[in-house]
Amino acid sequence: MPPLSPPTPKAALSPSPKLLQNQQAASSFSELSYQYRPIEDASIRLVRILPERKTMIKCEIIHVSLEQPPPYMAISYTWGDTGDTRKIEIEGCLIPIAVSLHGALQALRKKHSSVLVWADALCINQKDRDERSQQVQLMPFIYSNADSVAIWLGPEENDSVRAVSLLDAIATTGEPFGSSNISKILAAGTENGDLLAVVSLFGREYWRRLWVVQEVFNAKRIMVYCGSTRLEWKKYQSASVLFSQRRGELIFNNKDQLKRRLATSPDQFSYVQTLIYQGPASLPDLKFHMSDGEEALLQVLRTCRRKLASDPRDKLYGILGVLPASIREEFRADYNLSVKDVYTEIVDFLLKTTEKLDIICEAIHFPVHTSTANLPTFVPDWSHVPQTSAMGFKYNFAASGSSKAICRFRDERLNKLEISGLEIDVVQSKGVVVGTLCNLGDYLMAFLHWRALLLQAIEGRTEQEIQMAEECFAATICLGQIPSEYDRGRWQAEIYHVFANLFRDRLPYIRLDDRLAYCLKSPSEVKAEMRRHFLQIHFGDRMMGRCFCLTQNRRLAMGSGFMLAGDIIVVPLGCSTPILLRAEGTQGEYRYVGDIFIDGYMFGKAVDQWQAGKRQLNKYILH
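Residue numbers (UniProt numbering): 1 to 623.
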C-alpha cells in the first residue's frame, strides 16, 4: 500500500473517548449520547465486539493507525431501512443501528473472544461531512488492509440455508474430476426447489449496492455470511460461473409447493437471468480498466451505472477505490459539494483528459425523468438508472473517426458547453417509440408503424431503390449489428420472415403488406420456436427506448425516443456517434437530446467529407 500522510503517532491503539455522562446518572441509558472524538488523518476507528452470544450486543470503539492496524475484519453490507433499528451498547450507551448491521454484528460475535471489525455506520461519524469525505477517501485502504472482508447478505429467509448448501455442493462438485455430477445436482435442485431458493438469494438488495463493488475489489480474502450460514466467496463465484456455463439445464418447475416470495418477476426467463447475471456475476471484474488511464473513469461509471447508492454523489465516490491513483487524486470525496458540482466535474475532467465527447452521450433523457440536481442537458445524471445505454460504447462506433474534440465551457459554473461538429441532417418525421417496459406485441406494432413510414417514403421509386431502402431499414433498426454470416440482402429477408411469422402467431388479424406476406413462407435459418428469442437477441435492447425516423434528405435513422421533428443530427468532433440537438433558448444554443444511428455515418464519413471540403464545421452551445 502506498504511504499515507501525514503519519500517525506510533501507538496503533488509543482508548476511545468516554461518553458524555454524569457519573451520578450513569444508570440512565436513555439520557446518554455517544460523542465521536475527532479522528486524525490516516487513522480509522474500529469496533470491538465483546464476547457473548445471547445478551445485547456490547461494543467498544478504538482509534488505530491505518499504516499499522491490528488484525481486523471489514464488513460489507447494505444499510437497508435506516428507520428500522435495533439497539446495541457502546461503552455504556444505547445506540440505535439499522437492522442489517445489527444482524451482521450478531453473526460475527463470538462467545469467548472479542472481534475487531470496521463498519461504516459506526466507524465514521455520519453527521460530520468533513470526516465522511476524509474517511471515504481511505476506503480502498480500509478494505485492502483488512485481514478479511465479511459479506453480510442478511437474515435467513426463503430457504437461504438450502440455497447456500446448493452453492457449496455445486462449487465443490465443479472442481476437477467432479463436473459430471453437476447435472445431477442441478436436476435435484430443480425438483426440490433449492435452485429457486438460490434465485431469491441472488436477488437480494446487497448485490445492487454500489459500494460493494470496491469493497470486494480491494479485499484479500472474503467470507460470505447469510443467517447462520458461512461460505467462502470463491465458492459463490464458482457456482455463479457454473450457472452461466450450464444455462441450458436451468429449468424451474411451476408446482405450487415450489412457489416462493422472490425478488424477481415470476417467470422462467427472469429466474435464469437472475442466476446468470445477478448475485456474484453482478460484481464486474474491473482490474483490466486499471490500464485504461483517464478513460477508466467513464468505463467504470458505465459498468456500475445500475448499482444503487443512497447519496447521488457516491456514484462517483463509491468507485474511486477501483480507479487508478491518478484519477483518485483528481477527485477527493467532498460531501460539501452539490450533486451538480460533482457530476459536472466528471464531464470537465473527461473532456480535458480524453479529448473525447463520449461522456455527453451518457446523458440519457428517455424515458423522461426528473432530477433535483438541475443538471445541464449534456451532463449525465448518474443517480438515474436508465434501461438503455449509449450506443457508441456498446457497439464501438467511430462516427468522428480519429478526430479530437474541440470544446470549451462558456461560463465559470460549467452550465454551457461549446462544441464543434458537422451537421448531417434534420429529423423530418418519427415513428412510435418502443418504451422500456414493452412486451412482444409492442415491438411488433412499432415495427409495423416504422415500416408504414418507410413504405410511404419509397412509394414511386424504382425496384432497385426500394430494395436498397428495405435493406437499409433492416440494418437501421438493429443499429447496424448484422451478424457476420449474413449480407444485407439475406439479413433483410431473414428479419422480415421472423417478424411476419410472429405477426401471424400473435396478431393474426393484422393485415401485412405484400413484401411481409411474401416473406411468411420464405426460407429461414430461424426455427419457429426460436423466433421470439431471435427478436430478443437482435432487437430487444436496440429498439428499446428508441424510435425510427426519416430525415429531410431522405435518410433512415434510429435514435433516442426523446427526439422530435426538427431536431438536427450532428457529428461532433471527438464523439463516437452522431447526436441529436434541439434549438432552445437564445440563438446558437441547444438542448442535448440523445445519440442516433444513421446508416453510412457511423465510421468517419462526415469527417472525411469535411476534410475534403464538402462539409462545414459549426459551433453549438449546449446548455
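We put the beta carbon where it would ideally sit given N, CA and C, even for glycine.
Start-to-end residues for the beta strand (DSSP E) that takes in residue i
| i | result |
| --- | --- |
| phenylalanine 597 | 589-598 |
| threonine 354 | First-last for threonine 354: 339-354, but that is the alpha helix (DSSP H), not the beta strand (DSSP E). |
| threonine 551 | 546-551 |
| aspartate 194 | It is not in any beta strand (DSSP E) - aspartate 194 instead sits in the alpha helix (DSSP H) that spans 194-202. |
| cysteine 407 | 407-409 |
| isoleucine 579 | 579-583 |
DSSP three-state assignment for residue i, whether helix, strand or coil
| i | result |
| --- | --- |
| proline 380 | coil |
| histidine 63 | strand |
| proline 572 | strand |
| serine 43 | strand |
| cysteine 361 | helix |
| arginine 306 | coil |
| isoleucine 142 | helix |
| threonine 462 | coil |
| arginine 86 | strand |
| cysteine 438 | coil |
| glycine 154 | coil |
| tryptophan 491 | helix |
| residue 633 | The structure shown has nothing for residue 633, since the chain only spans 1 to 623. |
| asparagine 618 | strand |
| glutamate 423 | strand |
| serine 76 | strand |
| residue 666 | Shown here, the chain extends from 1 to 623; a query on residue 666 therefore has no answer. |
| leucine 116 | strand |
| alanine 398 | coil |
| residue 641 | Residue 641 lies beyond the range of the chain shown here (1 to 623); nothing can be said about it. |
Cβ-Cβ distance between residue i and residue j below 8 Å
| i | j | result |
| --- | --- | --- |
| glutamate 471 | glutamine 492 | yes |
| isoleucine 402 | leucine 573 | According to the sequence as given, residue 402 is serine; it is not isoleucine. No. |
| valine 571 | glycine 421 | yes |
| aspartate 348 | asparagine 553 | no |
| glycine 80 | alanine 104 | no |
| aspartate 595 | methionine 391 | yes |
| proline 380 | threonine 436 | no |
| glycine 293 | asparagine 218 | no |
| threonine 85 | serine 100 | no |
| cysteine 123 | leucine 66 | no |
| isoleucine 49 | isoleucine 142 | no |
| phenylalanine 393 | phenylalanine 447 | no |
Integer Cβ distance of residue i from residue j, believed to fall under 8 Å
| i | j | result |
| --- | --- | --- |
| arginine 546 | serine 560 | 6 Å |
| alanine 239 | alanine 171 | 5 Å |
| valine 117 | methionine 56 | No, valine 117 and methionine 56 are not in contact; Cβ-Cβ is about 17 Å, not under 8 Å. |
| valine 385 | methionine 543 | With 8 Å as the limit, valine 385 and methionine 543 do not qualify as a contact, their Cβ atoms being about 19 Å apart. |
| proline 280 | glutamine 237 | 5 Å |
| lysine 234 | serine 148 | Rounded, the Cβ-Cβ distance is 13 Å, inconsistent with contact. |
| threonine 370 | histidine 623 | With 8 Å as the limit, threonine 370 and histidine 623 do not qualify as a contact, their Cβ atoms being about 18 Å apart. |
| glycine 431 | phenylalanine 603 | With 8 Å as the limit, glycine 431 and phenylalanine 603 do not qualify as a contact, their Cβ atoms being about 25 Å apart. |
| tyrosine 206 | alanine 363 | So it is not a contact: roughly 29 Å between Cβ atoms. |
| leucine 166 | arginine 246 | In fact, because the Cβ distance is near 13 Å, the residues do not count as touching under 8 Å. |
Straight-line Cα distance separating residue j from residue i
| i | j | result |
| --- | --- | --- |
| leucine 507 | tyrosine 443 | 12 Å |
| glycine 178 | threonine 229 | Caution is warranted here: a pLDDT of 49 is assigned to glycine 178, below 50, making its placement in the model unreliable, and no coordinate value can be reported. |
| lysine 619 | isoleucine 579 | 14 Å |
| leucine 258 | alanine 188 | For leucine 258, the pLDDT reaches just 41, beneath the cut-off of 50, and the residue's location in the model is therefore unreliable, although a value from the coordinates is still provided. Leucine 258 and alanine 188: Cα-Cα distance of roughly 13 Å. |
| phenylalanine 503 | isoleucine 482 | 22 Å |
| methionine 51 | arginine 313 | The amino acid occupying residue 51 in the given sequence is proline; methionine does not appear at that position. Their backbone Cα atoms lie some 37 Å apart in a straight line. |
| asparagine 374 | alanine 121 | 29 Å |
| tryptophan 152 | asparagine 125 | 22 Å |
| methionine 139 | tyrosine 317 | 10 Å |
| isoleucine 419 | arginine 408 | 7 Å |
| tyrosine 277 | glycine 248 | 15 Å |
| asparagine 396 | glycine 480 | 11 Å |
| threonine 264 | isoleucine 346 | For threonine 264, the predicted model reports a pLDDT of 36, less than 50, meaning its position is unreliable; a value from the coordinates is still stated below. The alpha-carbon atoms of threonine 264 and isoleucine 346 are separated by roughly 33 Å. |
| valine 300 | threonine 190 | 36 Å |
| glutamine 24 | histidine 63 | Because the pLDDT at glutamine 24 is just 35, under 50, the model does not fix this residue reliably, and the value given afterwards should be weighed accordingly. Roughly 27 Å between the two C-alpha positions. |
| histidine 112 | valine 161 | 25 Å |
| glycine 174 | lysine 416 | 56 Å |
| isoleucine 222 | glutamate 584 | 53 Å |
| leucine 357 | serine 244 | 35 Å |
| glutamine 273 | histidine 497 | 28 Å |
| cysteine 304 | aspartate 341 | 20 Å |
| cysteine 438 | isoleucine 88 | 47 Å |
Residue i - containing alpha helix (DSSP H), residue span
| i | result |
| --- | --- |
| leucine 231 | Segment 229-232 is the beta strand (DSSP E) holding leucine 231; no alpha helix (DSSP H) there. |
| tryptophan 211 | 211-217 |
| methionine 223 | That residue, methionine 223, is in no alpha helix (DSSP H); its beta strand (DSSP E) goes 222-226. |
| isoleucine 327 | 325-328 |
| leucine 519 | It should be pointed out that residue 519 corresponds to cysteine in this sequence rather than to leucine. Segment 514-519, the alpha helix (DSSP H) holding cysteine 519. |
Contact test: residue i Cβ vs the ligand FMN heavy atom, cutoff 7 Å
| i | result |
| --- | --- |
| isoleucine 88 | In the structure on display, the ligand FMN does not appear, and there are no ligands present to speak of. |
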